[in-house]
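Peer 1: Dropping the structure in here first, questions after.
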(Lines of atoms letter the chains of each structure in order from A and count residues from 1; the text may use other names and numbers.)
(Lines give C-alpha, C1' and ligand atoms only; values in the text may rest on other atoms or scores of the structure.)
Protein backbone atom coordinates (compact mmCIF):
# COMPACT_ATOMS: atom_id res chain seq x y z
CA UNK A 1 0.00 0.00 0.00
CA UNK A 2 1.34 3.39 -0.97
CA UNK A 3 2.06 6.09 1.56
CA UNK A 4 -1.12 8.14 2.04
CA UNK A 5 0.82 11.34 2.71
CA UNK A 6 2.10 12.14 -0.78
CA UNK A 7 3.18 15.64 0.22
CA UNK A 8 5.85 14.26 2.53
CA UNK A 9 9.18 14.36 0.72
CA UNK A 10 12.05 12.06 1.49
CA UNK A 11 14.18 15.08 2.44
CA UNK A 12 11.69 16.23 5.10
CA UNK A 13 11.43 12.69 6.48
CA UNK A 14 15.22 12.53 6.76
CA UNK A 15 15.38 16.00 8.32
CA UNK A 16 12.74 15.05 10.90
CA UNK A 17 14.58 11.80 11.56
CA UNK A 18 17.85 13.61 12.15
CA UNK A 19 16.15 16.12 14.44
CA UNK A 20 14.54 13.31 16.43
CA UNK A 21 17.92 11.61 16.73
CA UNK A 22 19.27 14.57 18.67
CA UNK A 23 16.18 14.65 20.91
CA UNK A 24 15.69 10.89 21.13
CA UNK A 25 15.10 10.01 24.79
CA UNK A 26 16.93 6.72 24.22
CA UNK A 27 20.08 8.68 23.29
CA UNK A 28 19.83 10.75 26.48
CA UNK A 29 19.29 7.59 28.54
CA UNK A 30 22.21 5.89 26.76
CA UNK A 31 24.54 8.84 27.45
CA UNK A 32 23.65 8.75 31.16
CA UNK A 33 24.18 4.97 31.23
CA UNK A 34 27.47 5.26 29.33
CA UNK A 35 28.84 7.79 31.84
CA UNK A 36 27.87 5.54 34.77
CA UNK A 37 29.24 2.46 32.98
CA UNK A 38 32.59 4.19 32.35
CA UNK A 39 32.71 5.37 35.98
CA UNK A 40 32.14 1.77 37.11
CA UNK A 41 34.98 0.58 34.87
CA UNK A 42 37.33 3.25 36.28
CA UNK A 43 36.49 2.24 39.86
CA UNK A 44 36.85 -1.44 38.96
CA UNK A 45 40.32 -0.90 37.49
CA UNK A 46 41.36 1.13 40.54
CA UNK A 47 39.90 -1.44 42.95
CA UNK A 48 41.81 -4.25 41.21
CA UNK A 49 45.05 -2.25 41.34
CA UNK A 50 44.56 -1.54 45.05
CA UNK A 51 43.65 -5.16 45.79
CA UNK A 52 46.83 -6.35 44.07
CA UNK A 53 48.82 -3.85 46.14
CA UNK A 54 47.09 -4.98 49.33
CA UNK A 55 47.60 -8.69 48.70
CA UNK A 56 51.22 -8.24 47.60
CA UNK A 57 52.06 -5.99 50.56
CA UNK A 58 50.08 -7.61 53.39
CA UNK A 59 48.69 -10.82 51.93
CA UNK A 60 45.31 -12.34 52.63
CA UNK A 61 44.85 -13.16 56.30
CA UNK A 62 45.64 -16.85 56.75
CA UNK A 63 47.26 -19.27 59.15
CA UNK A 64 48.14 -22.93 59.01
CA UNK A 65 47.08 -25.17 61.87
CA UNK A 66 47.83 -28.81 62.56
CA UNK A 67 44.75 -30.81 63.42
CA UNK A 68 44.63 -33.48 66.10
CA UNK A 69 44.66 -36.17 63.38
CA UNK A 70 47.99 -34.84 62.02
CA UNK A 71 46.61 -33.07 58.95
CA UNK A 72 47.50 -29.42 58.33
CA UNK A 73 44.85 -27.00 57.10
CA UNK A 74 44.99 -23.36 56.07
CA UNK A 75 42.40 -21.09 57.66
CA UNK A 76 41.47 -17.63 56.42
CA UNK A 77 39.15 -16.42 59.15
CA UNK A 78 38.40 -16.62 62.85
CA UNK A 79 35.05 -18.17 61.88
CA UNK A 80 36.82 -21.03 60.08
CA UNK A 81 39.06 -21.50 63.11
CA UNK A 82 36.06 -21.66 65.41
CA UNK A 83 34.47 -24.27 63.13
CA UNK A 84 37.62 -26.42 63.44
CA UNK A 85 37.74 -25.92 67.20
CA UNK A 86 34.03 -26.62 67.50
CA UNK A 87 34.38 -30.14 66.14
CA UNK A 88 37.32 -30.85 68.42
CA UNK A 89 39.85 -31.17 65.61
CA UNK A 90 42.41 -28.84 67.19
CA UNK A 91 43.87 -28.11 70.61
CA UNK A 92 42.25 -25.08 72.29
CA UNK A 93 45.63 -23.59 73.30
CA UNK A 94 46.83 -23.80 69.71
CA UNK A 95 43.49 -22.32 68.66
CA UNK A 96 43.98 -19.28 70.91
CA UNK A 97 47.45 -18.67 69.45
CA UNK A 98 46.17 -19.05 65.89
CA UNK A 99 43.24 -16.73 66.59
CA UNK A 100 45.68 -14.06 67.83
CA UNK A 101 47.79 -14.49 64.67
CA UNK A 102 44.71 -14.17 62.47
CA UNK A 103 43.56 -11.08 64.36
CA UNK A 104 47.00 -9.46 64.01
CA UNK A 105 47.10 -10.20 60.29
CA UNK A 106 43.57 -8.86 59.86
CA UNK A 107 44.58 -5.69 61.74
CA UNK A 108 47.54 -5.19 59.34
CA UNK A 109 45.18 -5.78 56.40
CA UNK A 110 42.63 -3.29 57.75
CA UNK A 111 45.26 -0.61 58.46
CA UNK A 112 46.79 -0.86 54.99
CA UNK A 113 43.31 -1.01 53.44
CA UNK A 114 42.43 2.31 55.13
CA UNK A 115 45.77 3.83 54.11
CA UNK A 116 45.33 3.06 50.41
CA UNK A 117 41.52 3.34 50.23
CA UNK A 118 40.78 -0.16 49.00
CA UNK A 119 37.43 -0.68 50.79
CA UNK A 120 36.30 2.86 49.96
CA UNK A 121 37.05 2.22 46.29
CA UNK A 122 35.27 -1.14 46.45
CA UNK A 123 32.16 0.60 47.86
CA UNK A 124 32.37 3.34 45.21
CA UNK A 125 32.60 0.69 42.49
CA UNK A 126 29.54 -1.09 43.86
CA UNK A 127 27.55 2.14 44.05
CA UNK A 128 28.57 3.11 40.50
CA UNK A 129 27.60 -0.37 39.26
CA UNK A 130 24.20 -0.03 40.95
CA UNK A 131 23.69 3.36 39.24
CA UNK A 132 24.73 1.93 35.87
CA UNK A 133 22.38 -1.03 36.31
CA UNK A 134 19.45 1.26 37.15
CA UNK A 135 20.24 3.48 34.16
CA UNK A 136 20.51 0.42 31.89
CA UNK A 137 17.10 -0.71 33.11
CA UNK A 138 15.77 2.78 32.35
CA UNK A 139 17.35 2.70 28.90
CA UNK A 140 15.70 -0.64 28.14
CA UNK A 141 12.34 0.88 29.07
CA UNK A 142 12.89 4.02 26.94
CA UNK A 143 11.52 3.68 23.41
CA UNK A 144 13.89 4.82 20.68
CA UNK A 145 12.52 7.22 18.09
CA UNK A 146 15.50 7.10 15.73
CA UNK A 147 18.05 4.71 14.30
CA UNK A 148 20.59 6.36 16.57
CA UNK A 149 18.41 5.47 19.56
CA UNK A 150 18.15 1.86 18.39
CA UNK A 151 21.93 1.80 17.89
CA UNK A 152 22.42 3.21 21.38
CA UNK A 153 20.30 0.42 22.87
CA UNK A 154 22.24 -2.23 20.95
CA UNK A 155 25.53 -0.67 21.99
CA UNK A 156 24.52 -0.89 25.66
CA UNK A 157 23.44 -4.52 25.21
CA UNK A 158 26.80 -5.37 23.64
CA UNK A 159 28.91 -3.51 26.17
CA UNK A 160 27.03 -4.89 29.15
CA UNK A 161 26.33 -8.39 27.91
CA UNK A 162 29.04 -9.79 25.71
CA UNK A 163 31.93 -11.47 27.52
CA UNK A 164 34.57 -9.96 25.24
CA UNK A 165 34.66 -7.38 22.46
CA UNK A 166 35.12 -9.96 19.71
CA UNK A 167 33.12 -12.83 21.24
CA UNK A 168 32.28 -15.26 18.40
CA UNK A 169 29.37 -16.94 20.21
CA UNK A 170 25.75 -16.31 19.24
CA UNK A 171 24.21 -13.71 19.45
CA UNK A 172 27.14 -11.28 19.80
CA UNK A 173 28.46 -11.28 16.19
CA UNK A 174 24.89 -10.89 14.93
CA UNK A 175 24.17 -7.96 17.24
CA UNK A 176 27.47 -6.30 16.24
CA UNK A 177 26.50 -6.78 12.60
CA UNK A 178 23.07 -5.19 13.12
CA UNK A 179 24.70 -2.25 14.92
CA UNK A 180 27.10 -1.78 12.00
CA UNK A 181 24.18 -1.95 9.55
CA UNK A 182 22.26 0.70 11.47
CA UNK A 183 25.30 2.98 11.53
CA UNK A 184 25.83 2.47 7.79
CA UNK A 185 22.16 3.06 6.97
CA UNK A 186 22.02 6.15 9.15
CA UNK A 187 25.19 7.41 7.50
CA UNK A 188 26.93 8.20 10.74
CA UNK A 189 29.28 6.48 13.13
CA UNK A 190 28.14 4.15 15.88
CA UNK A 191 27.43 5.81 19.25
CA UNK A 192 30.58 6.78 21.16
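Residue numbers (my numbering): 1 to 192.
Backbone N, C-alpha and C fix where the C-beta goes; we use that ideal spot for every residue, glycine too.
What number of angstroms, rounded off, separates the C-alpha of residue 177 from the C-alpha of residue 27?
Peer 2: Between residue 177 and residue 27, the C-alpha separation is close to 20 Å.
Peer 1: Could you tell me which whole beta strand (DSSP E) segments of length 3 or greater appear in the segment 113 to 184?
Peer 2: None, since the segment 113 to 184 contains no complete beta strand (DSSP E) of that length.
Peer 1: Using the beta-carbon count (16 or more within 10 Å), is residue 174 buried or exposed?
Peer 2: Exposed: under 16 other Cβ atoms inside 10 Å.
Peer 1: Going by DSSP, name the residue or residues bridged to residue 75.
Peer 2: DSSP output for residue 75 lists 63 as bridge partner(s).
Peer 1: Run the CB neighbour count on residue 92, radius 10 Å, all protein chains shown included, and call it buried at 16 or more, exposed below.
Peer 2: Counting Cβ neighbours within 10 Å, residue 92 comes out exposed, since fewer than 16 surround it.
Peer 1: Using the Cα positions of residue 134 and residue 141, report the straight-line distance between them to the nearest angstrom.
Peer 2: When rounded, the distance between both Cα atoms is 11 Å.
Peer 1: Expressed to the nearest angstrom, what Euclidean distance is found between the alpha-carbon atoms of residue 118 and residue 31?
Peer 2: Answer to the nearest angstrom: the Cα atoms are 28 Å apart.
Peer 1: If you pair each beta-carbon of the segment 69 to 89 with each one of the segment 99 to 114, do three or more pairs fall below 8 Å?
Peer 2: As far as the Cβ criterion goes, the segment 69 to 89 touches the segment 99 to 114, which means the pair count is three or higher.
Peer 1: Examine the Cβ distances between the segment 109 to 129 and the segment 51 to 67 and report whether three or more of them are shorter than 8 Å.
Peer 2: Contact between the segment 109 to 129 and the segment 51 to 67 is present, because at least three Cβ pairs lie under 8 Å.
Peer 1: Contact between the segment 121 to 134 and the segment 32 to 47 is defined here as three or more beta-carbon pairs at a separation below 8 Å; is this criterion met?
Peer 2: They touch, by the three-pair rule.
Peer 1: Tell me whether the beta-carbon of residue 37 lies closer than 7 Å to the beta-carbon of residue 183.
Peer 2: Their beta carbons are not under 7 Å apart, which means residue 37 does not touch residue 183 by this criterion.
Peer 1: Just to confirm before moving on: does the CB-CB distance between residue 108 and residue 58 stay below 7 Å?
Peer 2: Yes, the pair counts as a contact, with Cβ atoms nearer than the cut-off.
Peer 1: Which value, in whole angstroms, describes the spacing of the CA atoms of residue 149 and residue 165?
Peer 2: Taking the straight line from one Cα to the other gives about 21 Å.
Peer 1: How would you write the range of the alpha helix (DSSP H) that residue 44 sits in, first residue to last?
Peer 2: Note, residue 44: alpha helix (DSSP H), 25 to 57.
Peer 1: In chain order, what residues of the same chain have a beta carbon less than 6 Å from the beta carbon of residue 186, not counting five sequence neighbours either side?
Peer 2: Contacts found: 147.
Peer 1: Leaving out five residues on either side along the sequence, give the residues of the same chain with a beta carbon under 7 Å from the beta carbon of residue 161.
Peer 2: Hits under 7 Å: none found.
Peer 1: To the nearest angstrom, report how far apart residue 19 and residue 168 are at their CA atoms.
Peer 2: Any reading at residue 19 must be qualified, since the residue scores a pLDDT of 45, below 50, and its modelled position is unreliable; the value itself is stated next. Computed Cα separation, rounded: 36 Å.
Peer 1: Output the distance between the C-alpha atoms of residue 127 and residue 35, rounded to the nearest integer angstrom.
Peer 2: About 14 Å.
Peer 1: Is the beta carbon of residue 29 less than 7 Å from the beta carbon of residue 139?
Peer 2: Yes, the pair counts as a contact, with Cβ atoms nearer than the cut-off.
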